[in-house]
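Visitor: What follows is a single structure, and I will ask about it in a moment.
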Amino acid sequence: MLNSARLVQHKLDKSLLTNLIAALLIGLSYCFINTPYQTLLSNIGLYALSCALTNWLAIIMLFDKVPFIYGSGVVPAQFEAFKGAIKNLMLSEFFTSENVQNVLSQSKLDSAIWHDIADKIDYDKMYSSLVEAIFESKIGSVFFMMGGQNAIEPLREPVKSKCRVAVQEILADEKLHRMIMEKSADPNAFLSKIESVIDKRLAMLTPKMVKEIIQKMIAKHLGWLVVWGGVFGGFIGLIASLV
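Residue 75 in our numbering is what sits at position 17 of the sequence shown, and the numbering runs on without skipping anything.
Below is the structure:
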């Protein structure tokens with residue numbers, strides 16, 4: 059857990075800054091003892107710090123098991139669900155019957171064919187399907203707590219880019235090319251073999267690998283949850299002081 063905390067903290071300098079500013083306001087309140095400013099600064103700082111720390115802890119809990127906190131470490135705990143979502147995306151968006159027939163109907167499998175297929179893939183639909191799978195899983199409630207789909211919208215382009223690279227790597231596999239030529243007379247056998255290849259690749263993934271992949275993709279974006287948690291917390295503290 060410590061390694062993950064260090065990685066997240068390294069990526070989230072703005073989170074540390076938010077917590078420091080909130081703590082500074084609390085400390086500054088003691089310079090105005092017995093004045094209205096003491097309560098004002100203290101409430102703003104305390105509310106901001108509590109909200110920012112809560113969101114920061116929630117980010118840590120996504121990736122690691124925290125002692126005595128039920129439901130923490132949801133990403134590695136749900137890695138099977140992520141693997142299943144990846145498999146479904148590959149089979150439903152890339153290896154569709156239409157794409158397979160297009161490939162098998164070619165007399166020569168050159169790079170232009172693969173690039174043409176890769177360019178026609180709807181990566182936005184892949185992203186939407188993945189997000190839907192995440193929010194329908196047990197970890198969906200955690201993301202809803204931190205802002206829902208709007209909070210992870212900045213991940214759309216990075217995820218699409220990762221998917222595009224993954225598809226290109228799969229298409230560049232010479233073993234896949236040979237397998238297509240061997241199975242070109244039987245599309246069903248070809249699809250069955252493709253599913254087997256995907257299963258073998260996914261079987262190589264471990265909970266730690268899935269955690270690190272997701273962590274690298276979204277950690278820097280989740281830092282804004284801490285910032286806005288501090289901002290809204292401070293605003294609530296201001297209202298509490300004025301009421």
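Backbone N, C-alpha and C define an ideal beta-carbon position, used for all residues, glycine too.
Treat the numbers as computed from the prediction; the structure is a model and nothing was measured.
Looking at the unbroken alpha helix (DSSP H) that takes in Met184, where does it start and where does it end?
Guide: Note, Met184: alpha helix (DSSP H), Tyr181 to Glu194.
Visitor: Can you look up Pro265 in the DSSP assignment and give me helix, strand or coil?
Guide: Correct three-state label for Pro265: helix.
Visitor: Does DSSP put Tyr105 in a helix, a strand or coil?
Guide: Tyr105 falls in the helix class under three-state DSSP.
Visitor: Going by C-alpha distance, which of Ala135, Val133 and Asn101 is nearest Leu83?
Guide: Cα-wise, what sits closest to Leu83 is Asn101.
Visitor: Could you give the DSSP three-state label for Val124: helix, strand or coil?
Guide: If DSSP states are grouped into helix, strand and coil, Val124 belongs with coil.
Visitor: Could you tell me how far apart the beta carbons of Tyr105 and Ala224 are, in whole angstroms, since I believe they sit closer than 8 Å?
Guide: Wrong, their Cβ atoms sit about 43 Å apart, outside the cutoff.
Visitor: Nearest CA to the CA of Tyr185: which residue from Ile175, Lys178, Leu213 and Ser87?
Guide: Among Ile175, Lys178, Leu213 and Ser87, the Cα nearest to that of Tyr185 belongs to Leu213.
Visitor: Between the C-alpha atoms of Glu190 and Pro216, what's the straight-line distance to the nearest angstrom?
Guide: Cα-Cα distance, rounded: 17 Å.
Visitor: Decide if the segment 83 to 100 is in contact with the segment 263 to 283; the criterion is three or more beta carbon pairs, one per stretch, under 8 Å apart.
Guide: No, because fewer than three Cβ pairs between the segment 83 to 100 and the segment 263 to 283 fall closer than 8 Å, the two stretches do not touch.
Visitor: Taking 8 Å as the limit between beta carbons, can you name the residues of its chain near Asp182, skipping five residues before and five after?
Guide: Excluding sequence neighbours, Asp182 sits near Arg214 and Lys218.
Visitor: Round the Cβ separation of Val284 and Ala80 to the nearest angstrom and send it over; I've been treating them as touching at under 8 Å.
Guide: Contact flag wrong, Cβ pair sits at about 10 Å.
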